[in-house]
C-alpha cells in the first residue's frame, strides 16, 4: 500500500469544478419544480396527493427515494467504517424483507381506505378508525417530534458531506487553523477551505423549499424520481471509480483483510440478539406519515406491485457498494493511508468516511461533482417528502380539523401548508447547526425506533376489529413514555458510552418500547368499550 | 376483516416469509472472513443474496396472493364527504 497515499496535500490548488456541477444540478431541480408546477391543478387535493395520479415507476422511485436518506449513504458507510459488514444485515436486509411486507400488508389497505374515504393524512384515517377527533391532537405533536430528527439526519448529512468534498476550494474564505499533532508537527486541517455546514445546509433547504412550494407532493414525486435515478447511478459509478483507484475490488478487499480484518465479520462487533432486535426498526415505514402520503398518490393498487417487488433489490444496489466503501475506508485508515476528519473529541468522524473516499479517490472533478450531487440527491429526496407531509398534516389535521374545511378556500389551505413548511425548515436548519457533531446513524435509529414502536397502532387498526380508542391511546402513551425514558438514558445520561451503541439486556431499546406499545394497545382495547358497529362495518367490510 | 387474498397463495407467502425471517439470522457465517469472488465478504454476500430472495418472495406474493377484491372495493364509488376533514 505504500505506493497509494491519499493523505491530503497542503497547498495544492483545488479545482472548484465539482461545486459548479453541483450548482448545475441544483438548477435542474429548480427547473423541475417550475415544470411540475405547470401540471398543478390548483386544488388542495392535487397539492397534497397529486390527485392520485402516480403510476408504478414513479411510485417506486418516490417511495424508495423517500426511505433512503442520508442515513442510507452517509450513515451506512460510516457505520460499516466503524462496525463492519454486519451493518448491511442490521438494516438493509431486514428492510428488504419487512419494508415490502409492510407495503403489501398495510400499505395497500391504507391506500384503499384513503381512496374510498378521501384521506390525505394518516391522522384522518386514525381519527375515523378510532372514532375520535381528539386522537389526532394527541398524535400530531408526536409525529412531528419524531419526524424532526429524521429531517436533522438529512440536513446534518448534507453538512457532513459537502465540507470534506469541497475542502481546499476556498482557502481564503473558509480556511481553518492548522491542526497540531501530538508530536508537535502541524498539518493542514482536513476541512480547511471547504464549504461550511451552515452554508451547504442553507442552500439545500432553500432549493427543496423552492420546489415543494411550487407543486406540493407532485413536485416532490417528480424530484424524487429524478434524484433517485441520479443517486443510484452515481452510487454505482462511485463504487467503480473508488475500486479502480484501489487496484480493483479484490485489491481493496485485501487492504481490509490485512489492516482491518474485524470489519469482514460480525464476531466481536455485533451480538446475536442485537442483530436480531434490529428487525423492529424497518417496521417504522408503516407509521411514517410522509410514506403514507406517497402511498395515497398511487393511481391504483396495482401501482404498488413494482414497489413491493423491486424495493429489496433497490436497497441492495445502494447499500452493498456503501458498505464496501465503508470497510475499504476502514482498511485504508488502519493502514495509515487515509485521513478521516476528526471528531471534536479526537478519533475519526465515521460519517465523513464516504465523502473522504470520494474526495480523495475520485480524481475526475466532473465525476466528483456528480457524485456529490448523487449523495445530496438521496438526502433531498427524503427532505422534500417530509416537508410536504408536515405542511399537509398541519393544514388538515390541525387547522381543518379544528375549524372545518368550509372556513378556508383551497388557496388558503395551500398557503397555510406552505407557511408551516417554512417554519419547520427554519427550526430544522438551526437545530441541525447546533447538532452537527451528532452521529447520523444514532439519530436515525432513535427516529425510526419511535415510528417502529407505533407500528402496533396501524397494524391493529387494519387487522384487529376489537382495537378501540382506549387501545390507541394506551399504545401512543406507552410509546411516548418508554421512548422518552430510553432516549434520555442514551442521549443525556450516555448509558451506552464505551459500548459503541446503547443496548438494554443486549438488545435495542426499541424492543422494550415496542413491547410496551403493543401491551398498551392490547390491554387498552380489552379494558375499554369496543368500536361501534358502524366503524367495524366501515373498515372491515365483507367483500364478495 | 378485508381479506381477498387467495388463501393457499397467502399461506405459502407467509410460510416463505417465516423461512426468510429465520434465515436472516445467519449465525453460521458470523465469523467467516472468507471472500466470495475474491472481494465480497461472506456475511455481506449472503445478505445481498437474501435481498434478492426477498424480492422473489414479494414477486410471488403479488402474483399469487394479490388482494383483487380489496382493490375492486376501493375502486367502487367513494364516499364523498364521509371524512369531514378530507380535501
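Protein chains in written order, with our numbering: chain A, -16 to 527; chain B, 1447 to 1533. Even glycine gets a Cβ: it sits at the ideal position worked out from N, Cα and C. Here the structure is a predicted model, which means the values were calculated and not measured.
Taking its Cβ as the centre, do 16 or more other Cβ atoms sit within 10 Å of residue i, making it buried, or is it exposed?
{"i": "residue 403 of chain A", "result": "buried"}
{"i": "residue 1474 of chain B", "result": "exposed"}
{"i": "residue 510 of chain A", "result": "exposed"}
{"i": "residue 1449 of chain B", "result": "Here the model assigns residue 1449 of chain B a pLDDT of 48, short of 50, so the residue's position is not dependable and the matter cannot be decided."}
{"i": "residue 485 of chain A", "result": "buried"}
{"i": "residue 14 of chain A", "result": "exposed"}
{"i": "residue 525 of chain A", "result": "exposed"}
{"i": "residue 450 of chain A", "result": "buried"}
{"i": "residue 63 of chain A", "result": "buried"}
{"i": "residue 164 of chain A", "result": "exposed"}
{"i": "residue 531 of chain A", "result": "Nothing can be reported for residue 531 of chain A, as the shown portion of chain A is limited to -16 through 527."}
{"i": "residue 514 of chain A", "result": "buried"}
{"i": "residue 29 of chain A", "result": "buried"}
{"i": "residue 1469 of chain B", "result": "exposed"}
{"i": "residue 1 of chain A", "result": "buried"}
{"i": "residue 124 of chain A", "result": "exposed"}
{"i": "residue 489 of chain A", "result": "exposed"}
{"i": "residue 342 of chain A", "result": "buried"}
Between residue i and chain B, is there a C-beta pair that is closer than 7 Å?
{"i": "residue 87 of chain A", "result": "yes"}
{"i": "residue 390 of chain A", "result": "no"}
{"i": "residue 485 of chain A", "result": "no"}
{"i": "residue 291 of chain A", "result": "yes"}
{"i": "residue 198 of chain A", "result": "no"}
{"i": "residue -1 of chain A", "result": "no"}
{"i": "residue 441 of chain A", "result": "no"}
{"i": "residue 98 of chain A", "result": "yes"}
{"i": "residue 305 of chain A", "result": "no"}
{"i": "residue 401 of chain A", "result": "no"}
{"i": "residue -16 of chain A", "result": "At residue -16 of chain A the pLDDT is 38, less than 50, meaning the model places this residue with poor confidence; the figure from the coordinates comes in the next sentence. It does not; no Cβ of chain B falls within 7 Å."}
{"i": "residue 123 of chain A", "result": "no"}
{"i": "residue 71 of chain A", "result": "yes"}
{"i": "residue 288 of chain A", "result": "yes"}
{"i": "residue 514 of chain A", "result": "no"}
Are the beta-carbon atoms of residue i and residue j separated by less than 7 Å?
{"i": "residue 106 of chain A", "j": "residue 380 of chain A", "result": "yes"}
{"i": "residue 145 of chain A", "j": "residue 270 of chain A", "result": "no"}
{"i": "residue 248 of chain A", "j": "residue 1477 of chain B", "result": "yes"}
{"i": "residue 354 of chain A", "j": "residue 1500 of chain B", "result": "no"}
{"i": "residue 436 of chain A", "j": "residue 213 of chain A", "result": "no"}
{"i": "residue 176 of chain A", "j": "residue 154 of chain A", "result": "yes"}
{"i": "residue 159 of chain A", "j": "residue 174 of chain A", "result": "yes"}
{"i": "residue 42 of chain A", "j": "residue 290 of chain A", "result": "yes"}
{"i": "residue 27 of chain A", "j": "residue 473 of chain A", "result": "no"}
{"i": "residue 152 of chain A", "j": "residue -3 of chain A", "result": "yes"}
{"i": "residue 276 of chain A", "j": "residue 430 of chain A", "result": "no"}
{"i": "residue 434 of chain A", "j": "residue 129 of chain A", "result": "yes"}
Please list the terminal residues of the continuous alpha helix (DSSP H) segment that includes residue i.
{"i": "residue 484 of chain A", "result": "Counting along the chain, residue 484 of chain A falls outside any alpha helix (DSSP H), and DSSP gives it neither H nor E."}
{"i": "residue 340 of chain A", "result": "336 to 344"}
{"i": "residue 124 of chain A", "result": "117 to 148"}
{"i": "residue 237 of chain A", "result": "232 to 242"}
{"i": "residue 517 of chain A", "result": "516 to 522"}
{"i": "residue 1497 of chain B", "result": "1488 to 1510"}
{"i": "residue 62 of chain A", "result": "59 to 66"}
{"i": "residue 405 of chain A", "result": "393 to 417"}
{"i": "residue 376 of chain A", "result": "348 to 376"}
{"i": "residue 173 of chain A", "result": "Here residue 173 of chain A belongs to no alpha helix (DSSP H), and DSSP marks it neither H nor E."}
{"i": "residue 308 of chain A", "result": "287 to 318"}
{"i": "residue 252 of chain A", "result": "Residue 252 of chain A -> no alpha helix (DSSP H), and no H or E assigned at all."}
{"i": "residue 273 of chain A", "result": "272 to 279"}
{"i": "residue 184 of chain A", "result": "180 to 198"}
For residue i, which residues in chain D fall below 7 Å Cβ to Cβ?
{"i": "residue 1515 of chain B", "result": "In the structure shown, chain D does not exist; the protein chains are A and B."}
Between residue i and chain A, is there a C-beta pair that is closer than 7 Å?
{"i": "residue 1506 of chain B", "result": "no"}
{"i": "residue 1496 of chain B", "result": "yes"}
{"i": "residue 1476 of chain B", "result": "yes"}
{"i": "residue 1485 of chain B", "result": "yes"}
{"i": "residue 1456 of chain B", "result": "no"}
{"i": "residue 1469 of chain B", "result": "no"}
{"i": "residue 1438 of chain B", "result": "Nothing in the structure corresponds to residue 1438 of chain B, since chain B is present only between 1447 and 1533."}
{"i": "residue 1464 of chain B", "result": "no"}
{"i": "residue 1460 of chain B", "result": "no"}
{"i": "residue 1501 of chain B", "result": "yes"}
The region 250 to 269 of chain A: positions lying closer than 9 Å to chain B by Cβ:
250, 251, 253, 255, 258, 259, 262
Got a sec: which bits of the region 269 to 280 of chain A sit with their beta carbon under 8 Å from any beta carbon on chain B, in order along the chain?
Residues: none.
What are the residues of the region 486 to 505 of chain A that lie near chain B, defined by any Cβ-Cβ distance shorter than 8 Å?
none
Residues of the region 208 to 236 of chain A with Cβ closer than 9 Å to any Cβ of chain B, in chain order:
For the region 208 to 236 of chain A, the beta-carbon criterion of a distance under 9 Å to any beta-carbon of chain B is satisfied by 226, 231, 232, 233, 234, 235, 236.
Can you pull out the residues from the region 107 to 133 of chain A whose beta carbon lies closer than 9 Å to at least one beta carbon of chain B?
107, 108, 110, 111, 116, 119
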